[in-house]
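Report on the structure given below.
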Amino acid sequence: MKFLFRGLMAPVLTPYSNDGLFSIQEDIIPKYAKYLSSIGIHAVLVNGTSGEGMSMTVDERKAVTEAWAMAVKETKQILMVQVGGACLKDVQELAAHAESLGSDALLCLPELFNKPQTVDELVKYLTYVGQAAPKTPLLYYHIPSYTGIKVSMPQFLAAAAHNIPTFAGAKYTDNNLEEGTQCLAVENGTLSFFLGCDHVLAGAFTLGFDSAIATSLNMLPSPSIKILAAVKNNHSSEALQEQRKLSKAINVITRNGGWVSTMKAAMSLMTPINVGPPRPPLTPLIDKQIDQLKKDLTALQLL
Numbered sequence: 025m026k027f028l029f030r031g032l033m034a035p036v037l038t039p040y041s042n043d044g045l046f047s048i049q050e051d052i053i054p055k056y057a058k059y060l061s062s063i064g065i066h067a068v069l070v071n072g073t074s075g076e077g078m079s080m081t082v083d084e085r086k087a088v089t090e091a092w093a094m095a096v097k098e099t100k101q102i103l104m105v106q107v108g109g110a111c112l113k114d115v116q117e118l119a120a121h122a123e124s125l126g127s128d129a130l131l132c133l134p135e136l137f138n139k140p141q142t143v144d145e146l147v148k149y150l151t152y153v154g155q156a157a158p159k160t161p162l163l164y165y166h167i168p169s170y171t172g173i174k175v176s177m178p179q180f181l182a183a184a185a186h187n188i189p190t191f192a193g194a195k196y197t198d199n200n201l202e203e204g205t206q207c208l209a210v211e212n213g214t215l216s217f218f219l220g221c222d223h224v225l226a227g228a229f230t231l232g233f234d235s236a237i238a239t240s241l242n243m244l245p246s247p248s249i250k251i252l253a254a255v256k257n258n259h260s261s262e263a264l265q266e267q268r269k270l271s272k273a274i275n276v277i278t279r280n281g282g283w284v285s286t287m288k289a290a291m292s293l294m295t296p297i298n299v300g301p302p303r304p305p306l307t308p309l310i311d312k313q314i315d316q317l318k319k320d321l322t323a324l325q326l327l
């Protein structure tokens, strides 16, 4: 099974209330979808790392998916749903639910407690997930810095493609571009392969990547769009210049906190979409840190 979308996809942030209850603000999602569409982002990933999917209950994840599925009917954006990070039965339930809503693709983390130790074990796990949504392309979410799972990705992709009928590719959140470029050649390059590292987009695109799922696309899409266009037009110096701008902005944003916490703060400052705080156990920025972030973003002419 193939997933045909290529290009840039935003892993959307989940809007929570700022009243200490951390309730999901579903009414923000239609506005969020329209905002992303207006800035040139035509595909979204729901309930991923940036979306704090693993901090939500199954019912909450379903509600967020339903809200996005409804929103993209109007905006015509591609919808990918991350279903992993729970017990297998719940993952299968989330996969079936996403398929019932007409999601364009599924993304799935590996089992996070009884972790797969081999390629065969990982393939078997995703086979169970794929069986729950037999009509929807399934991609693997490779993020070893979080999961600790470091099987050979080229070997895994080849095995998954041959053994899972719905398998369509992976999100590769790793800066090991040597391994990444080997993955691009698996199945004669027919798998969908998304880079998940904002800091190395220019290098990855130069080496043959054509797609990315990057958090910075939510609030700072222009550099990534320009990087991809510059590489396609063989303008390597322009791509490098835009990458430096993007990396500098990301370093400023993430200077005073964790990835999701700082990205949510930047989103609420830099865009008309207020996504609220992260949900515990993640820690929101304090007022002093937000004030400093405002100053730093202003200095970069991003506010």
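Numbering-wise, this note's numbering puts 152 at position 128 of the sequence shown, and it's gapless, one number per residue. Glycine residues also receive a C-beta, built at the ideal position from the N, C-alpha and C atoms. Computed from a predicted model, the values in this text were never measured in an experiment.
Would the beta-carbon of residue i fall within 7 Å of that of residue j?
i, j, result
"Met-291", "Met-243", "yes"
"Ala-226", "Ile-249", "no"
"Ile-102", "Ala-57", "no"
"Pro-245", "Gly-64", "yes"
"Gly-193", "Leu-215", "yes"
"Asn-42", "Gly-281", "no"
"Arg-30", "Asp-234", "yes"
"Gly-172", "Thr-197", "no"
"Val-210", "Leu-181", "yes"
"Leu-136", "Ala-93", "no"
"Val-70", "Val-107", "no"
"Arg-303", "Tyr-40", "yes"
"Ala-183", "Val-147", "yes"
"Pro-158", "Ala-95", "no"
"Asn-199", "Val-224", "yes"
"Gln-206", "Ala-156", "no"
"Leu-150", "Ile-188", "yes"
"Pro-247", "Leu-270", "yes"
"Phe-218", "Ile-237", "yes"
"Ala-333", "Glu-50", "With the chain running from 25 to 327 in the structure shown, residue 333 is simply not present."
"Glu-262", "Ala-254", "yes"
Grab the span of the beta strand (DSSP E) containing residue i for me, first residue to last.
i, result
"Gln-106", "102 to 106"
"Val-153", "Unbroken run through Val-153 is the alpha helix (DSSP H), 143 to 156; no beta strand (DSSP E)."
"Ala-184", "Unbroken run through Ala-184 is the alpha helix (DSSP H), 177 to 187; no beta strand (DSSP E)."
"Ala-110", "Where Ala-110 is concerned, there is no enclosing beta strand (DSSP E), given that its DSSP letter is neither H nor E."
Along the chain, where does the alpha helix (DSSP H) that runs through residue i open and close?
i, result
"Ser-80", "Here residue 80 is Met; the residue named in the question, Ser, does not match the sequence. Careful: Met-80 lies outside any alpha helix (DSSP H) and carries neither H nor E."
"Gly-23", "Nothing can be reported for residue 23, as the shown portion of the chain is limited to 25 through 327."
"Gly-204", "201 to 208"
"Leu-252", "245 to 256"
"Val-284", "283 to 294"
"Val-70", "Premise fails: Val-70 lies in the beta strand (DSSP E), 67 to 70, not in any alpha helix (DSSP H)."
"Ala-238", "Premise fails: Ala-238 is in no alpha helix (DSSP H) and is neither H nor E."
"His-166", "No alpha helix (DSSP H) holds His-166; the beta strand (DSSP E) holding it covers 162 to 166."
"Leu-317", "311 to 323"
"Leu-219", "Leu-219 -> not in any alpha helix (DSSP H); beta strand (DSSP E) instead, spanning 216 to 219."
"Leu-45", "That residue, Leu-45, is in no alpha helix (DSSP H); it is neither H nor E in DSSP."
"Leu-60", "53 to 62"
"Lys-195", "Element bounds for Lys-195: not the alpha helix (DSSP H) but the beta strand (DSSP E), 191 to 196."
For residue i, does the count of other Cβ atoms within 10 angstroms reach 16, so buried, or fall short, so exposed?
i, result
"Asn-275", "exposed"
"Lys-139", "exposed"
"Ala-323", "exposed"
"Pro-305", "exposed"
"Ser-79", "buried"
"His-186", "exposed"
"Ser-127", "buried"
"Gln-267", "buried"
"Glu-98", "exposed"
"Gly-44", "exposed"
"Thr-142", "exposed"
"Leu-28", "exposed"
"Lys-113", "exposed"
"Ile-310", "exposed"
"Leu-341", "The displayed coordinates of the chain run from 25 to 327. Any statement about residue 341 would go beyond what the structure contains."
"Leu-32", "buried"
"Glu-202", "exposed"
"Thr-307", "exposed"
"Lys-100", "exposed"
Using only alpha-carbon positions, find the residue among the options that is nearest to residue i.
i, options, result
"Leu-241", "Pro-54, Lys-256, Leu-28 and Tyr-59", "Tyr-59"
"Lys-26", "Leu-208, Pro-308, Ala-129 and Met-287", "Ala-129"
"His-121", "Leu-146, Val-143, Gly-154 and Tyr-149", "Gly-154"
"Thr-81", "Ile-48, Gln-316 and Pro-134", "Ile-48"
"Leu-131", "Ala-182, Gln-267 and Phe-191", "Phe-191"
"Leu-118", "Val-88, Leu-181, Ser-285 and Pro-168", "Val-88"
"Thr-239", "His-259, Ile-277 and Met-78", "Ile-277"
"Asn-212", "Thr-286, Val-224 and Gly-232", "Gly-232"
"Tyr-170", "Gly-72, Ala-156, Ala-254 and Lys-319", "Gly-72"
"His-166", "Leu-327, Tyr-152, Val-147 and Lys-195", "Lys-195"
"Ser-62", "Leu-327, Pro-308, Pro-296 and Glu-202", "Pro-296"
"Met-294", "Ser-271, Pro-308, Asp-320 and Lys-312", "Asp-320"
"Ser-285", "Gln-313, Lys-272, His-259 and Asn-258", "Gln-313"
"Thr-230", "Leu-326, Ser-260, Gly-204 and Glu-90", "Ser-260"
Does at least one heavy atom of the ligand NAD sit under 6 Å from the Cβ of residue i?
i, result
"Thr-81", "As far as ligands go, the structure on display features none, and thus does not contain the ligand NAD."
Determine, for residue i, whether the minimum Cβ-Cβ distance to residues of chain C falls below 7 Å.
i, result
"Ser-271", "Reference to chain C is not applicable here, since this structure consists of a single protein chain."
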